[in-house]
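Engineer: This is the structure I have questions about; it appears just below.
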DNA sequence: TCCGTTGTATCACAGGCGTGATAGAAAGGC
DNA sequence: GCCTTTCTATCACGCCTGTGATACAACGGA
């Protein structure tokens with residue numbers, strides 16, 4: 001006995017419409033009316049589900065963070081135990097996981113685009129400050145975790161400073177995302193992957209060196 | 001016999017006011033009235049020097065690109081010939097030059113902040129598209145030039161792919177700038193420099209290996 | 001059937017925006 | 001002195017924004 005409207009589905013519909021508007025027009029021109037129109041809803045209906053513009057914006061950003069977070073978690077579980085893989089595959093798997101954050105297809109491109117707009121807005125908009133910070137910390141936790149796991153299974157060069165390498169790899173991912181979104185004609189997805197693989201290769205133990213796994 | 005007002009000085013004054021507003025409020029809230037108020041000018045006066053908002057915005061971004069460009073040029077000349085320096089100093093000098101692009105002090109932080117806001121806006125605003133692209137290409141030219149000069153003086157590991165390394169270092173710089181501007185509590189200037197030096201160190205020829213310079 | 005809840009749709013308001021028009025002050029060549 | 005150019009200042013217009021208020025339809029349990 002389903003209710004004729006599912007509020008959660010409605011909110012998702014609105015959020016998806018908002019994402020499309022942000023991607024197409026930029027956050028600056030993403031007004032309530034534009035989102036309502038994109039969702040083919042009356043602005044009155046939209047406001048029935050979101051009390052204010054700020055509510056909608058926060059909900060949308062939180063939704064995106066949740067989606068990315070659960071996708072990453074899923075990917076981590078799919079990989080399973082890293083220690084029992086051969087070393088080249090370890091690096092490949094790590095790259096595949098981190099590439100979830102790169103705009104390599106239209107879906108991730110849209111995510112990164114919206115994410116960038118939200119984060120730049122968050123700099124001067126207190127309403128998003130906590131979400132932006134939480135996202136930045138989450139990204140660093142992921143990167144650090146990838147690095148420590150690689151290191152634990154002996155894939156990495158000895159003597160690396162984890163703090164510095166975490167910031168370095170995070171900056172690399174952020175910079176690649178930024179360029180790929182803002183200047184796709186300069187940096188295409190294949191080059192992004194090349195750079196990421198090169199970086200991980202540089203961090204890895206030289207071929208022939210025995211790892212210290214276990 | 002000085003004229004009572006110097007139009008160029010007036011424009012510079014307005015542009016500086018615009019930068020302050022963008023840094024403080026974000027590009028979204030940077031209206032003509034806000035800039036005029038910040039410059040302590042009447043909006044009518046402001047519009048006497050800039051025909052339209054778009055004119056002002058373009059002029060401001062172009063001004064910033066010019067300033068950064070000439071500062072980089074000056075720094076390059078100050079360094080002079082790289083070949084006749086000892087290798088550790090070569091890396092240090094390269095890092096110092098590239099660090100002109102990082103938000104390490106308040107002045108550069110303001111620049112990078114404005115630059116970021118302009119570039120995200122440029123994604124969906126055709127008026128800034130060309131300037132944004134030109135800046136991205138300029139940054140890559142600089143990075144590539146630094147890398148090839150280091151390589152020519154024998155400071156770099158052999159076998160590096162210049163295209164990939166250019167994108168890698170560019171992404172690293174962009175990512176560091178992004179994080180340092182959006183999350184200064186997570187990434188401070190010292191860490192930025194650490195990461196940059198670590199990266200250049202990784203690219204450099206291992207100690208004890210004779211360089212191929214001259 | 002009645003009624004409360006939920007959803008849809010519309011109007012109106014105040015506020016900010018860029019911009020065109022215009023009036024008046026100030027400056028400088030003659 | 002005057003006249004032209006440059007600069008300053010203000011008004012008004014149309015547009016778009018978020019939001020409060022309100023009316024009306026539709027649903028679901030009693």
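Chains as they are written, first to last, in the working numbering: chain A, 1 to 214; chain B, 1 to 214. Every residue, glycine too, gets a C-beta built ideally from N, C-alpha and C. On a predicted model such as this, the values are computed, not experimentally measured, just so you know.
Starting from residue 63 of chain A and walking both ways along the alpha helix (DSSP H), at which residues does that stretch end?
Structural biologist: Indexing the first chain from 1 puts residue 63 of chain A at position 63. Taken as a continuous stretch (DSSP letters only), the alpha helix (DSSP H) holding residue 63 of chain A covers 53 to 79.
Engineer: Residues in its own chain within less than 8 Å of residue 189 of chain A by CB, not counting five upstream and five downstream?
Structural biologist: For the purposes of this step, residue 189 of chain A is taken as the residue at position 189 of the first chain. Answer for residue 189 of chain A: 102, 103, 104, 105, 180, listed in chain order.
Engineer: Determine whether the beta carbon atoms of residue 136 of chain A and residue 43 of chain B lie at a separation below 8 Å.
Structural biologist: Position 136 of the first chain, counted from the start, is the residue given in the question as residue 136 of chain A. Position 43 of the second chain, counted from the start, is the residue given in the question as residue 43 of chain B. In this structure, residue 43 of chain B does not lie closer than 8 Å to residue 136 of chain A by Cβ.
Engineer: Just checking my contact of residue 149 of chain B with residue 166 of chain B at CB under 8 Å: how many whole Å lie between their CB atoms?
Structural biologist: As a working mapping, residue 149 of chain B is identified with position 149 in the second chain. As a working mapping, residue 166 of chain B is identified with position 166 in the second chain. Going by Cβ atoms, the distance from residue 149 of chain B to residue 166 of chain B rounds to 13 Å, so no, they are not a contact pair.
Engineer: Using the C-alpha atoms, what's the distance from residue 65 of chain B back to residue 111 of chain A?
Structural biologist: Position 111 of the first chain, counted from the first residue, corresponds to residue 111 of chain A. Position 65 of the second chain, counted from the first residue, corresponds to residue 65 of chain B. Straight-line Cα distance between these residues: approximately 29 Å.
Engineer: Please tell me whether residue 77 of chain A has its Cβ less than 8 Å away from any Cβ of chain B.
Structural biologist: Here residue 77 of chain A corresponds to residue number 77 of the first chain, with the count starting at 1. Chain B contact via Cβ: absent.
Engineer: On the premise that residue 41 of chain B lies in contact with residue 23 of chain B, defined as a C-beta separation below 8 Å, what is that separation, rounded to the nearest angstrom?
Structural biologist: Indexing the second chain from 1 puts residue 23 of chain B at position 23. Indexing the second chain from 1 puts residue 41 of chain B at position 41. Actually they do not touch by this definition, with Cβ atoms about 19 Å apart.
Engineer: Do you know how far the Cα of residue 27 of chain B is from the Cα of residue 55 of chain A?
Structural biologist: Stepping through the first chain from its first residue, residue 55 of chain A is reached at position 55. Stepping through the second chain from its first residue, residue 27 of chain B is reached at position 27. Their Cα atoms are separated by approximately 22 Å.
Engineer: Taking 7 Å as the cut-off, is the beta-carbon of residue 62 of chain A closer than that to any non-hydrogen atom of the ligand SAH?
Structural biologist: In terms of ligand content, the structure shown is empty, and the ligand SAH therefore cannot be addressed.
Engineer: List, in order along the chain, the chain B residues whose C-beta lies closer than 8 Å to that of residue 186 of chain A?
Structural biologist: Along the first chain, one-based indexing puts residue 186 of chain A at 186. What residue 186 of chain A touches in chain B: 133, 136, 137, 140.
Engineer: Nearest-angstrom Cα distance between residue 79 of chain B and residue 96 of chain B?
Structural biologist: Your numbering for residue 79 of chain B matches position 79 in the second chain. Your numbering for residue 96 of chain B matches position 96 in the second chain. Spanning the two alpha carbons is a distance of roughly 10 Å.
Engineer: So what's residue 1 of chain A in DSSP terms, helix, strand or just coil?
Structural biologist: If you number the first chain from 1, residue 1 of chain A lands on position 1. In this prediction, residue 1 of chain A has a pLDDT of 41, which is less than 50 and means its spatial position is unreliable; what the coordinates show is noted afterwards. In this structure, residue 1 of chain A counts as coil in the three-state DSSP scheme.
Engineer: With a threshold of 8 Å between beta carbons, is residue 119 of chain B in contact with chain A?
Structural biologist: Taking the second chain and counting its residues from 1, one reaches residue 119 of chain B at position 119. Yes, residue 119 of chain B counts as interfacial toward chain A.
Engineer: What number of angstroms, rounded off, separates the C-alpha of residue 215 of chain B from the C-alpha of residue 183 of chain B?
Structural biologist: No answer is possible for residue 215 of chain B: the residues shown for chain B start at 1 and end at 214.
Engineer: With C-beta atoms as the reference, is residue 171 of chain A less than 8 Å away from residue 159 of chain B?
Structural biologist: Translated into positions along the first chain, residue 171 of chain A becomes position 171. Translated into positions along the second chain, residue 159 of chain B becomes position 159. No, Cβ-Cβ distance for residue 171 of chain A and residue 159 of chain B is not below 8 Å.
Engineer: In angstroms, rounded to a whole number, what distance separates the CA positions of residue 1 of chain A and residue 9 of chain A?
Structural biologist: Walking along the first chain from the start, residue 1 of chain A turns up at place 1. Walking along the first chain from the start, residue 9 of chain A turns up at place 9. At residue 1 of chain A, the pLDDT of 41 sits below 50, so the modelled position is not reliable; the number obtained from the coordinates is stated separately. Spanning the two alpha carbons is a distance of roughly 16 Å.
Engineer: Note down the Cα distance separating residue 88 of chain A from residue 121 of chain A, rounded to an integer number of angstroms.
Structural biologist: Position 88 of the first chain, counted from the start, is the residue given in the question as residue 88 of chain A. Position 121 of the first chain, counted from the start, is the residue given in the question as residue 121 of chain A. If I take the Cα positions, the gap works out to 40 Å.
Engineer: Is the CB-CB distance between residue 204 of chain A and residue 157 of chain A below 8 Å?
Structural biologist: Within the first chain, the letter at position 204 stands for residue 204 of chain A. Within the first chain, the letter at position 157 stands for residue 157 of chain A. Contact: yes.
Engineer: Assuming residue 193 of chain A contacts residue 198 of chain B (C-beta within less than 8 Å), just tell me the rounded distance between them.
Structural biologist: Residue mapping note: residue 193 of chain A aligns to position 193 of the first chain, counting from 1. Residue mapping note: residue 198 of chain B aligns to position 198 of the second chain, counting from 1. Actually they do not touch by this definition, with Cβ atoms about 22 Å apart.
Engineer: For residue 133 of chain A, tell me which candidate among A:107, A:62, A:72, A:32 has the shortest Cα-Cα distance.
Structural biologist: The residue given as residue 133 of chain A occupies position 133 in the first chain. Considering only alpha carbons, the answer is A:62.
Engineer: Using a beta-carbon distance below 8 Å, is residue 130 of chain B in contact with chain A?
Structural biologist: Position 130 of the second chain, counting from 1, holds the residue named residue 130 of chain B. False, the Cβ-Cβ gap to chain A never drops below 8 Å.
Engineer: Would you check if the distance between the CB atom of residue 201 of chain B and the CB atom of residue 98 of chain B is smaller than 8 Å?
Structural biologist: As a first step, residue 201 of chain B must be located in the second chain, where it is residue number 201. As a first step, residue 98 of chain B must be located in the second chain, where it is residue number 98. Against a cut-off of 8 Å, the Cβ pair of residue 98 of chain B and residue 201 of chain B comes out as no contact.
Engineer: Helix, strand or coil: how does DSSP classify residue 93 of chain B here?
Structural biologist: Stepping through the second chain from its first residue, residue 93 of chain B is reached at position 93. In the structure shown, residue 93 of chain B sits in a helix (DSSP, three-state: H, G or I).
Engineer: Looking at C-alpha atoms only, which residue of A:129, A:33, A:76, A:94 is the closest neighbour of residue 58 of chain A?
Structural biologist: As a position in the first chain, residue 58 of chain A is number 58, starting the count at 1. Closest option to residue 58 of chain A, Cα to Cα, is A:129.
Engineer: Using only the alpha-carbon positions, how far apart do residue 162 of chain A and residue 147 of chain A sit?
Structural biologist: For this step, residue 162 of chain A is matched to residue 162 along the first chain. For this step, residue 147 of chain A is matched to residue 147 along the first chain. Roughly 8 Å between the two C-alpha positions.
Engineer: Could you tell me whether any Cβ in chain A is nearer than 8 Å to the Cβ of residue 28 of chain B?
Structural biologist: As a working mapping, residue 28 of chain B is identified with position 28 in the second chain. By this cut-off, residue 28 of chain B is an interface position.
Engineer: Which complete alpha helix (DSSP H) runs does the region 86 to 153 of chain B hold, if anything under 4 residues is left out?
Structural biologist: Those alpha helix (DSSP H) runs which fall completely within the region 86 to 153 of chain B and span 4+ residues are 87 to 98, 106 to 122, 126 to 152.
Engineer: Run through chain A and tell me which residues come within less than 7 Å of residue 164 of chain B, C-beta to C-beta.
Structural biologist: Numbered from 1 along the second chain, position 164 holds the residue referred to as residue 164 of chain B. Correct list: 194, 195, 198.
Engineer: Are the CB atoms of residue 153 of chain A and residue 69 of chain A within a distance shorter than 8 Å?
Structural biologist: The residue labelled residue 69 of chain A in the question sits at position 69 within the first chain. The residue labelled residue 153 of chain A in the question sits at position 153 within the first chain. No; because the gap between Cβ atoms is not below 8 Å, this pair is not in contact.
Engineer: Going along the chain, which residues of the region 94 to 113 of chain A sit with their C-beta nearer than 7 Å to a C-beta in chain B?
Structural biologist: The region 94 to 113 of chain A vs chain B, Cβ under 7 Å: nothing.
Engineer: Report yes or no: is there a C-beta of chain B within less than 8 Å of the C-beta of residue 168 of chain A?
Structural biologist: For this step, residue 168 of chain A is matched to residue 168 along the first chain. Closer than 8 Å to some Cβ of chain B, the Cβ of residue 168 of chain A qualifies, so yes.
Engineer: Is the beta carbon of residue 18 of chain B sitting closer than 8 Å to the one on residue 60 of chain B?
Structural biologist: Your numbering for residue 18 of chain B matches position 18 in the second chain. Your numbering for residue 60 of chain B matches position 60 in the second chain. Contact flag set, yes.
Engineer: If we ignore side chains and look at the alpha-carbon of each, how far apart do residue 67 of chain B and residue 51 of chain A end up?
Structural biologist: The residue you call residue 67 of chain B lines up with position 67 of the second chain. The residue you call residue 51 of chain A lines up with position 51 of the first chain. Cα to Cα, residue 67 of chain B sits roughly 45 Å from residue 51 of chain A.
Engineer: Look at residue 25 of chain A and residue 30 of chain B and say whether their C-beta atoms are less than 8 Å apart.
Structural biologist: The residue given as residue 25 of chain A occupies position 25 in the first chain. The residue given as residue 30 of chain B occupies position 30 in the second chain. No. Outside cutoff.
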